[in-house]
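Residues 0 to 512 in numbering that gives the first Met the number 0 are what the first sequence lists, from first letter to last. We treat Cβ as the ideally placed atom computed from N, Cα and C, and that holds for glycine. Down below is the structure, laid out as structure tokens.
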Amino acid sequence: MSAIRHALTVTRDSDFAAWYQEVISEAEMAEESGVRGCMVIRPWGYGIWERIQALMDARIKAAGVENCYFPLFIPLSYFAKEAEHVEGFAKEMAVVTHHRLIGDGKGGLVPDPEAKLEEPLIVRPTSETVIGAAMARWIQSWRDLPLLTNQWANVVRWEMRTRMFLRTSEFLWQEGHTAHADRADALEETLRALEMYRSFSEESLAMPVIAGEKPENERFPGAVATYSIEAMMQDGKALQAGTSHYLGTGFAEAAGIQYQDREGKQALCHTTSWGVSTRLIGGVIMTHGDDDGLRVPPAIAPQQVVILPMLRDDDGDAALLAYCEELRRALVAQFALGEPVRVLLDKRPGKATGKRWGWVKKGVPLILEIGGRDAASGQVSVLRRDRLWREDGKPNFIAQARDLFLAQATSEIENIQSSLHAEATSRRDANIVRGLVSFDALAEHFAESARYPGWVELGWAKPTGAELEDVVTRLKALKLTIRNTPMGGEGVTGNCLFTGKPATERIYVARAY
RNA sequence: CGGGGAGUAGCGCAGCCUGGUAGCGCAUCUGCUUUGGGAGCAGAGGGUCGGAGGUUCGAAUCCUCUCUCCCCGACCA
0 MSAIRHALTV TRDSDFAAWY QEVISEAEMA EESGVRGCMV IRPWGYGIWE RIQALMDARI
60 KAAGVENCYF PLFIPLSYFA KEAEHVEGFA KEMAVVTHHR LIGDGKGGLV PDPEAKLEEP
120 LIVRPTSETV IGAAMARWIQ SWRDLPLLTN QWANVVRWEM RTRMFLRTSE FLWQEGHTAH
180 ADRADALEET LRALEMYRSF SEESLAMPVI AGEKPENERF PGAVATYSIE AMMQDGKALQ
240 AGTSHYLGTG FAEAAGIQYQ DREGKQALCH TTSWGVSTRL IGGVIMTHGD DDGLRVPPAI
300 APQQVVILPM LRDDDGDAAL LAYCEELRRA LVAQFALGEP VRVLLDKRPG KATGKRWGWV
360 KKGVPLILEI GGRDAASGQV SVLRRDRLWR EDGKPNFIAQ ARDLFLAQAT SEIENIQSSL
420 HAEATSRRDA NIVRGLVSFD ALAEHFAESA RYPGWVELGW AKPTGAELED VVTRLKALKL
480 TIRNTPMGGE GVTGNCLFTG KPATERIYVA RAY
């Protein structure tokens, strides 16, 4: 059978959750911090986040949205103004109540009772309320609209159960907040952000997603409509990878965001908010990772090429390093995916073979191992991370003339990006089941394929209120959730799986993170 | 927050029941030999046993409290 000795000890098949954690730890992306639910993001993980930030920020700015920054602390009274919103977040908010410590007489420190805050401060779980207060000051006239803002920040949600990158107590994100004159304009912005997330996921993360509207039971607290992009992980579960909300006038009413229209009348603004977070990194791991670690799509790889000189600790090293340095210079002068190629010449002491597995686990798209013979004969040995193994179970190094490699480097990098996307897309499509005609058939489907259940696409009559609650409860018994209604998902035939009424739209049903 | 498991060297673990000088493997460091595909041999360094109290002549080990992590639930824009 396979003689392959994988770089990880746990495979995806044997224990997906343990595999996920081993990737993060072995790729040196993040580690425990000692604070409940909070992680230290290490250089490789943070480097990926910085790439995501750079590419997403460019898209945000291209849409005319301006960055700004609001405080970490939000007065409790701001939250109290929007009832649904505060109710949705009340159970997971960190609260600051004191501003000074005092000795407890036993060598420890306790909050000083004398230093209790008049009004508790919330550590932001999201910033609608504080940004809304600013919008109320900034907007006077219809000429001030639309107001398009975004901030890159950390937020805190005191989750009961946390998982690295997927659900941490503190996480990094961008939150866009916009105010508009009317519903149509706000809804257009909501959907523009959704499309921005969809195309970013597909193009930059090589992660196929389905963009659509969440059912009403999954709406953001206080929102009129919530949209999401949903990605399928390799265990068949769904990951909500980004959300965009049309908030109606509820937040405007609570914060007093109004403007004088062309007729001179006061009117409430329609607001939106939208965000993606460090959760995207978890999605990338579970979309592209394999039994040898991470595979980073080149667009978001901190380094796209790593050059490993096979140092011998002798007189030949100088010439070898010179050859590698020249190779590095030739590569960084090239462009791939619209940017200069990112190359690291790894000169650290140690054997190239040992260092190689570290980069394999980190998922660098291309690894070049260069020995004295390569240097002498003008060759390179190329290892593509997405085609790691030969059939005989050995690393799939391909010896190439240096000049030929340089001529093809750009297309090679771009090909890895598209290959990862194609692989993930065909896997997702192969794991979406259609045509189930009854709830029993749905239950049977997920009972039979408990390990890789994938998603089910079906038609429903979009029940609301108590009728929807009933559907949610029945699905919950199967550990299933409604993910979203894909954009353009109307016009289905047949009957609703839950109510028996004529179906009006398509939905995706899946187990979810 | 409920149920279960765990915390001992950088990583993975044994020791705990039955208290008596802190162990193993990998990794690291040094030396020698090797070395074009995840090297071998020899030697060495590294730990207030998650934290705080308690019992005891003596605590990794027994008791109490607490923190953190993992799994299953509940919760989850």
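- The continuous beta strand (DSSP E) containing residue 269 extends over residues 269–276.
- Non-local beta-carbon contacts of residue 51 in its own chain, meaning distances under 7 angstroms to residues more than five positions away in sequence, involve 279, 299 in chain order.
- At the C-beta level, residue 322 and residue 369 come within 8 angstroms of one another.
- Across the set 476, 356, 177, 276, the C-alpha of 356 shows the shortest separation from the C-alpha of residue 25.
- Under the three-state reduction of DSSP, residue 314 is assigned to coil, being neither helix nor strand.
- Separation of the CB atoms of residue 227 and residue 249 is rounded to 20 angstroms, and the pair is thereby denied contact status at 8 angstroms.
- In the structure shown, the three-state DSSP call for residue 157 is coil.
- Following the DSSP letters along the chain, one finds residue 174 inside the beta strand (DSSP E) bounded by residues 169–179.
- Separation of residue 68 and residue 445 (C-alpha to C-alpha, rounded to the nearest whole angstrom) is 45 angstroms.
- Restricted to the stretch 377–415, the beta strand (DSSP E) segments that are unbroken, complete and at least 3 residues in length are 378–383, 397–400, listed in chain order.
- The beta-carbon separation of residue 54 and residue 199, rounded to 7 angstroms, stays under the 8 angstroms limit for a contact.
- Looking at the backbone, the Cα of residue 506 and that of residue 18 are separated by about 30 angstroms.
- Selection 438, 494, 498 evaluated against residue 465 yields 498 as nearest (Cα-Cα).
- Apart from sequence neighbours up to five positions away, the residues of its chain that approach residue 509 with a beta-carbon distance below 6 angstroms are 237, 454, 482, ordered along the chain.
- C-alpha of residue 317 to C-alpha of residue 403: approximately 24 angstroms in a straight line.
- Nearest in C-alpha terms to residue 100, of all of 91, 114, 92, 87, is 114.
- If one requires a minimum length of 3 residues, the beta strand (DSSP E) runs lying completely within the stretch 23–50 are 29–31, 38–40, in chain order.
- Counting only runs that start and end inside the stretch 58–122, the beta strand (DSSP E) elements of at least 3 residues fall at 72–74, 94–97, 100–102, 108–110, 115–122.
- CA-CA distance, residue 4 to residue 13, rounds to 15 angstroms.
- Here residue 221 has 81, 83, 84, 249 as same chain residues with Cβ atoms under 6 angstroms from its own Cβ, once five neighbours each way along the sequence are excluded.
- Put simply, of 294, 333, 241 the residue whose alpha carbon is nearest the alpha carbon of residue 366 is 294.
- Boundaries of the alpha helix (DSSP H) harbouring residue 129: 127–137, taken from the DSSP string.
- Sixteen is the threshold: when 16 or more other Cβ atoms of the shown chains lie within 10 Å of the Cβ of residue 88, as they do, the residue is buried.
- Note that the C-beta distance between residue 144 and residue 183 is not below 8 angstroms.
- Within the same chain, 354 come within 8 angstroms of residue 347 by CB-CB distance, once the 5 residues on both sides are set aside.
- Looking at the DSSP output, residue 370 shares a beta bridge with no other residue.
- With fewer than 16 other beta carbons inside 10 angstroms of its own, residue 139 counts as exposed.
- Boundaries around residue 225 are those of the beta strand (DSSP E), 224–231, since no alpha helix (DSSP H) includes it.
- Residue 246 is a Cβ neighbour of residue 223, given a cutoff of 8 angstroms.
- Bridge partners of residue 334 according to DSSP: 339.
- Taking every protein chain shown into account, the CB of residue 310 has 16 or more other CB atoms within 10 angstroms, so this residue is buried.
- Around the beta carbon of residue 123, 16 or more other beta carbons lie within 10 angstroms, which makes this residue buried.
- Here residue 258 carries a strand assignment [DSSP, helix/strand/coil].
- By alpha-carbon distance to residue 7, the top candidate from 480, 336, 361 is 361.
- Here residue 305 has 343, 345, 358, 363, 366 as same chain residues with Cβ atoms under 6 angstroms from its own Cβ, once five neighbours each way along the sequence are excluded.
- In this structure, the alpha-carbon of residue 500 lies about 45 angstroms from that of residue 151.
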